[in-house]
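Participant: For the sequence shown, UniProt numbering gives the first residue as 1, with consecutive numbering after it.
Think of the CB as a built atom: it goes at the ideal place given N, C-alpha and C, for glycine as much as any other residue.
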Amino acid sequence: MGDDALLIKSGTQEFSAIEQLEKQVFDLKELFEISKSLNSTLDFTILIDSLLLICMAQLKVLKVGLLVRKHLDSEEFSLHRNYTGFEIDHTLAYTIPEKHDLIRFFNKQYGCYTIDEIRDNGVSLEGLDPILELNPSLLIPLQAQGRINGIIMMGERIDEGDFDSYEKKYILNVATLASIAINNAVLFEMATTDMMTKLKLKHYLFSVLNEWLDNAKTGECFSLLMFDIDFFKKVNDTYGHSCGDDVLRNVAQIIIDNTRSSDVAARYGGEEFVVLISHPGKSMALKIAERIRKTIETTKFKYKDVILGVTISCGIACYDKDRDVSGEAMIERADQALYQSKQNGRNRITLS
C-alpha cells in the first residue's frame, strides 16, 4: 500500500472517530435535556406523558406504552392509559404480576430485550398473551434502588430496522433517567397520599389550595367541595372499624372516579373529604358534587356478609375574593355549608 493510500485510510479512520465522538457528545447533550424534562415535574401523569413523547421523538418509534403499578402497594404492573400507537382491546388485561418470571429476570439482568432475547434466556412468558399480541419490539425495565417500578414497551422503529448495541445502550440510559424520575414521583406520591383511601393528605390539600388562591387573584375560578359521610359512627359501632374502613375506601374511590385529573381530591380527616374543582362557574361544582352524592346514595357496599348503604352530605364554597382571604377561610365557608346540609336532613348539597 502506497503512502497516499495509507494517508487516505488514516484520514478516513480519524474522520470516522471524530464523527463517532461528535455523536456521543450530541447524545450526552440530549440525555441532559431529557433528564431536565423528566425531573421538571413530580406529577405522575405529566411525567408519563413526557416519557412517552421522549421515546417517540428521540428513539424514533411509532408505538410506546408504559406498564406501571396502579397504586403504590399494587402487586402487578398495568398498561398506563396514556399509551400511543398500540391497538388495545379494552376487554383484556394488559398486566404483569410482580412475581412473574419476567420481573424476576429483569431484576437479575437489567437491560433492554426483544421478546426473542427474553425467551432465549429461558424466561417463561406464560400468562402475558395480551401483551405479546401487541408485538412489542423491545421491553425495557425501569429500575431504581434495586426495585422495578415500571416497564417501557416499545413498538417498531420508524425506519423498521433493528436496534443496534449502541442504540440499546442509549435507550437504557433514557430508561435509567426515567427510573429515577418515576421513583422521585412515587416517593412524592407516598408523602402526599393517604394510603388507605388513595386520596391526597390534608397538608398537600392546603399547599394546592393556597396556590390556587394566588392564581385566583388573576381571574382563575375554582370551588371547594367538602363531604362528610352521614351517620358514619353508626357504621363503625354496628359493623366494626374494619367495615368502616372498607366503606371509606369505597367512598373515596367513587370520589376519585367522579372527579377530573385537573381536580384535587383529599381526605380531610376521619370521614370528611375535600375536593378542589377548577372550573369557570358554580354549575360545574354542583354537577360534580351531585354526581358523587347520587352515586354514593345508589351504591350498595359489601363487606364480608354485610351489605349496607350510606349517604353523604356536601357543602360548596366557590371562590370569593372578598371572603376567601386564606385557605382556612374558604374551608370554613364550605364547612358551614356542610353543616347546613346536615341540619336540613343530610344527603344533600348546600352552596355557601
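#1: Exposed or buried, what is Glu-328 when buried is set at 16 or more other beta-carbons lying within 10 Å of its beta-carbon?
#2: Under the rule that 16 or more other beta-carbon atoms within 10 Å means buried, what is Ile-158, buried or exposed?
#3: Report the rounded CA-to-CA distance for His-279 versus Val-208, giving the unit in angstroms.
#4: Can you tell me the Cα-Cα spacing of Thr-259 and Leu-47, whole angstroms?
#5: Report the CB separation of Lys-200 from Val-264 in whole angstroms; it is logged as a contact under 8 angstroms.
#6: Would you say Phe-44 and Lys-63 are within 8 angstroms of each other, going by their C-beta atoms?
#7: Secondary structure at Phe-273, three-state DSSP: helix, strand or coil?
#8: Identify, in the order they occur along the chain, each residue of the same chain with its Cβ nearer than 6 angstroms to the Cβ of Asp-101, setting aside the five sequence neighbours on each side.
#9: Could you please give the first and the last residue of the uninterrupted beta strand (DSSP E) stretch that includes Tyr-303?
#10: Within 8 angstroms, do at least three Cβ pairs link the region 97-112 to the region 210-222?
#11: Can you give the Cα-Cα distance for Leu-134 and Ala-175, rounded to whole angstroms?
#12: Under a Cβ-count criterion, where at least 16 other Cβ atoms within 10 Å of its own Cβ denotes burial, should Leu-53 be classed as buried or exposed?
#13: Would you say Ile-148 and Phe-106 are within 8 angstroms of each other, going by their C-beta atoms?
#14: Note down, in chain order, each residue of its chain lying with its Cβ closer than 6 angstroms to the Cβ of Gly-309, except the 5 sequence neighbours on either side.
#15: Pick out the complete alpha helix (DSSP H) segments inside the region 145-169, 4 residues or longer, and give them in chain order.
#16: By a C-beta neighbour count over all protein chains shown, 10 Å radius and 16 as the cutoff for buried, is Asp-89 buried or exposed?
#17: Give the C-beta separation of Ala-285 and Ile-277 to the nearest angstrom, bearing in mind that I take them to be a contact with Cβ-Cβ under 8 angstroms.
Facilitator: Walking through what the data contain:
#1: Sequence index remark: in the sequence shown, residue 328 carries index 328 (1-based). Per the 10 Å Cβ criterion, exposed.
#2: As a position in the sequence shown, residue 158 is number 158, starting the count at 1. With fewer than 16 Cβ atoms within 10 Å of its Cβ, Ile-158 is classed as exposed.
#3: Along the sequence shown, one-based indexing puts residue 279 at 279. Along the sequence shown, one-based indexing puts residue 208 at 208. One C-alpha to the other measures close to 15 angstroms.
#4: Within the sequence shown, residue 259 is the residue found at index 259, counting from 1. Within the sequence shown, residue 47 is the residue found at index 47, counting from 1. Using only the alpha carbons, I get a separation of about 20 angstroms.
#5: On the sequence shown, position 200 is the one that residue 200 refers to. On the sequence shown, position 264 is the one that residue 264 refers to. Their Cβ separation, rounded to whole angstroms, is 6 angstroms, which keeps Lys-200 and Val-264 in contact under 8 angstroms.
#6: What you label residue 44 is simply residue 44 of the sequence shown in a count that begins at 1. What you label residue 63 is simply residue 63 of the sequence shown in a count that begins at 1. No, Cβ-Cβ distance for Phe-44 and Lys-63 is not below 8 angstroms.
#7: On the sequence shown, residue 273 is found 273 positions in, with the first residue counted as 1. Phe-273: strand per DSSP, three-state reduction.
#8: The residue given as residue 101 occupies position 101 in the sequence shown. Excluding residues within five positions, the ones whose Cβ falls inside 6 angstroms are Val-123, Ser-124.
#9: Within the sequence shown, numbered from 1, the residue matching residue 303 stands at position 303. Start and end: 301-303.
#10: no
#11: For the purposes of this step, residue 134 is taken as the residue at position 134 of the sequence shown. For the purposes of this step, residue 175 is taken as the residue at position 175 of the sequence shown. One C-alpha to the other measures close to 21 angstroms.
#12: For this step, residue 53 is matched to residue 53 along the sequence shown. Flag for Leu-53 reads exposed.
#13: Position 148 of the sequence shown, counted from the first residue, corresponds to residue 148. Position 106 of the sequence shown, counted from the first residue, corresponds to residue 106. Yes, the pair counts as a contact, with Cβ atoms nearer than the cut-off.
#14: For the purposes of this step, residue 309 is identified with residue 309 of the sequence shown, where counting begins at 1. Contacts found: Lys-300.
#15: none
#16: Counting from one through the sequence shown, the residue named residue 89 turns up at place 89. So Asp-89 ends up on the exposed side.
#17: Within the sequence shown, residue 285 is the residue found at index 285, counting from 1. Within the sequence shown, residue 277 is the residue found at index 277, counting from 1. Correct: roughly 5 angstroms between the Cβ atoms.
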